[in-house]
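Chains as they are written, first to last, in UniProt numbering: chain D, 1 to 330; chain P, 1 to 272.
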């Protein structure tokens, strides 16, 4: 076994489907793992990848886990990662990309005391923006499936100063207040303060004033409830591909979990067949303006395709140009 | 028919490849595999994972069953393909008991389990699967597994090295020996029955396949797998006997290149 200087230790928690990192070593954790209640957790694909590199020792009930035990956890469907998805994850990680589960927040902890002193480092004009709020799909599911709001980690320690009657979306690129939210989901979200949410989330400014502003994806929390947020983002149906699997960011030594910005693209695991145009349109909608790609893994070969429904070459003067071309060819 | 009845020149890579291959024939490697203690495999989606020691990994590598996982971080330099190819993660200085994952395709796993009987397949609860149970699982995991497996096992039984052809847009690639030593002869497409297919139904598609094969210097081989009877019960692997197999090699003949008297050249490349 390779002896590495920086070896972290994580302890598998089966009820969460995550490993809590108890000994954190090295800079890799700047762009891996998620923070909940001030603790660092990694999902099964991150755990297996790091264990394979020798950067992480996995424990289960204080016993060191073997490679095939970790692999069995990975293959367990309840942990939300298939073998094909794992191969893709490892492939992109080896190339330096930053890869997180689609729509799972990197962190819910907040540095600042008060929320939110949204200074106008970002000019927003929410009242005039009529964009439809596209909720993160895991929130959507938890709302649509059952009317109870579930968050896995008790947020009371991080949410004290937060006005719980707030809605923010994660990437900000698609965020805005949507009064119709109330009628859709029956929450009393009408009391949203109007300076919440950032329609434009300029990544360039991300380190400046927005550093203190954490993006949260919670829906009308009641602090007293014991709530759980699905950090695994399990798919409803393994066979369909109606939502992406991963959010992928370009390699970035200054990546910040508190302000990750929108992903460079979203990655969808393909089903047995290439996507039809209707599938592509659904995915376009679900990805909320973020580019997306499909990955197909066959016999260890990983291929990533993008399907673009917007074909170049159409112009306002199109008709005139076209007829001229036709004329010339005859 | 395939290369046995017709004299087909093998395209070796490098001067010594032929001698190397002759000194390490496939049949000898297969015999060594049959003598080993069977490792156990488990399903991982549409793949199979085996945990093998370094000796077993070497044998699988030489016989071209599966690929080690994780793959090499840096690909070896292409100038001098080594044989047998190095297996990433297996350090000679490490203990011989070190285990590594090997990833197999479904056809490979079933061939090793059913034909060669050198691999055990397990369910999640560490329960050994019988050939029949394994067969049924395979049918569930891959559409047209029966026909693909029939084609695969036919070629393997003739000691062709058969690998996934996905990189080349085909179902399989077939080599006379290890890919490190020899260029692939065939890009194989498995055709279901003899009737009108959903693939290669038009000359456009045949041209496309031909162009693809030409640019990677391989010949297109179509393997038609059809039922002998209309009603074949595919619940058991013995149903493989109820399928007939016919191979068709497709070559594009170019009159421009064949005007000299003597051996007619079959060319697969498109005109300039």
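From the three backbone atoms N, C-alpha and C, an ideal C-beta is built for every residue, glycine too.
Checklist entry - Shorter than 8 Å from the beta carbon of residue 179 of chain P to some beta carbon of chain D? => result no
Checklist entry - For residue 331 of chain D, which residues in chain P fall below 7 Å Cβ to Cβ? => result Residue 331 of chain D lies beyond the range of chain D shown here (1 to 330); nothing can be said about it.
Next on the checklist: For residue 30 of chain D and residue 169 of chain P, I'd like the C-alpha separation in whole angstroms.
Outcome noted: 39 Å
Checklist entry - Touching or not, the segment 218–227 of chain P and the segment 247–259 of chain P, by the rule of three or more beta carbon pairs under 8 Å? => result yes
Next on the checklist: In the DSSP output, what is residue 13 of chain D paired with across the bridge?
Outcome noted: D:18
Checklist entry - What are the boundary residues of the beta strand (DSSP E) that residue 34 of chain D is part of? => result 34–36
Item to check | Coarse secondary structure for residue 83 of chain P, derived from DSSP in three states | outcome: coil
Item to check | Below-8 Å beta-carbon distance, residue 45 of chain P vs any chain D residue | outcome: Interface residue, yes.
Checklist entry - In the segment 161–195 of chain P, which residues sit with their C-beta less than 7 Å from some C-beta in chain D, listed in chain order? => result Of all residues in the segment 161–195 of chain P, 164, 166 and 167 have a Cβ within less than 7 Å of some Cβ in chain D.
Checklist entry - Are the C-beta atoms of residue 85 of chain P and some chain D residue less than 8 Å apart? => result no
Checklist entry - What number of angstroms, rounded off, separates the C-alpha of residue 244 of chain P from the C-alpha of residue 227 of chain P? => result 6 Å
Checklist entry - What's the gap between the Cα of residue 249 of chain D and the Cα of residue 103 of chain D? => result 13 Å
Checklist entry - residue 49 of chain P versus chain D: which residues are under 9 Å apart at the beta carbon? => result 68, 71, 75 and 83
Checklist entry - Could you give the uninterrupted runs of the alpha helix (DSSP H) lying entirely in the segment 153–217 of chain P, keeping only those of 4 residues or more? => result Taking only runs of at least 4 residues, the alpha helix (DSSP H) segments lying wholly in the segment 153–217 of chain P are 203–215.
Checklist entry - Out of curiosity, what's the CA-to-CA distance linking residue 32 of chain D and residue 106 of chain D? => result 8 Å
Checklist entry - Who pairs with residue 347 of chain D in a beta bridge, going by DSSP? => result Past the edges of chain D, shown from 1 to 330, lies residue 347 of chain D, and the structure says nothing about it.
Next on the checklist: Quick check: is the beta carbon of residue 272 of chain D nearer than 8 Å to any beta carbon in chain P?
Outcome noted: Interface with chain P (8 Å Cβ-Cβ cutoff): residue 272 of chain D is included.
Next on the checklist: Suppose contacts are defined by Cβ-Cβ distances below 8 Å. Is residue 234 of chain P in contact with residue 106 of chain P by that definition?
Outcome noted: no
Checklist entry - Going by C-alpha distance, which of D:9, D:52 and D:37 is nearest residue 24 of chain D? => result Ranked by how close their Cα comes to the Cα of residue 24 of chain D, the residues D:9, D:52 and D:37 have D:9 in first place.
Checklist entry - Which chain P residues sit within Cβ distance under 8 Å of residue 90 of chain D? => result 70
Checklist entry - In whole angstroms, what separates the C-alpha of residue 258 of chain D from that of residue 43 of chain D? => result 18 Å
Checklist entry - residue 66 of chain P and residue 104 of chain P look like a contact to me (Cβ under 8 Å); what is the Cβ gap, rounded to whole Å? => result 4 Å
Item to check | CB of residue 79 of chain D within 8 Å of CB of residue 26 of chain D, strictly | outcome: A distance of 8 Å or more separates the beta carbons of residue 79 of chain D and residue 26 of chain D.
Item to check | 6 Å CB neighbourhood of residue 59 of chain D in its chain, flanking five on each side removed | outcome: 11
Checklist entry - Along chain D, which residues have their Cβ under 7 Å away from the Cβ of residue 67 of chain P? => result 300
Item to check | Through-space distance from residue 149 of chain P to residue 112 of chain P, alpha-carbon basis | outcome: 12 Å
Item to check | chain D contact for residue 143 of chain P (CB, 8 Å cutoff) | outcome: yes
Checklist entry - Taking residue 35 of chain P as the reference, which of P:192, P:119, P:22 and P:45 has the closest Cα? => result Comparing Cα positions, the closest option is P:119.
Checklist entry - Got a sec? Which residues, its chain only, sit under 7 Å from residue 203 of chain D by beta carbon, not counting five neighbours each side? => result Any reading at residue 203 of chain D must be qualified, since the residue scores a pLDDT of 36, below 50, and its modelled position is unreliable; no value is offered.
Checklist entry - Are the beta-carbon atoms belonging to residue 242 of chain D and residue 266 of chain D less than 8 Å from one another? => result Note that the C-beta distance between residue 242 of chain D and residue 266 of chain D is not below 8 Å.
Checklist entry - Going by DSSP, which residues form a beta bridge with residue 60 of chain D? => result D:63
Checklist entry - Which partner residues does residue 243 of chain D have in the DSSP bridge list? => result Residue 243 of chain D is not bridged to any residue.
Checklist entry - Under the three-state reduction of DSSP, which class applies to residue 42 of chain D: helix, strand or coil? => result strand
Checklist entry - Apart from the five residues on each side of it in sequence, which residues of its chain come closer than 8 Å, Cβ to Cβ, to residue 200 of chain P? => result Answer for residue 200 of chain P: 189, 191, 206, 209 and 222, listed in chain order.
Checklist entry - Cβ of residue 52 of chain D less than 8 Å from any chain P Cβ? => result yes
Item to check | Of the residues D:7, D:231, D:28 and D:294, the one placed nearest residue 15 of chain D, counting alpha carbons only | outcome: Of the listed residues, the one whose Cα sits closest to residue 15 of chain D is D:231.
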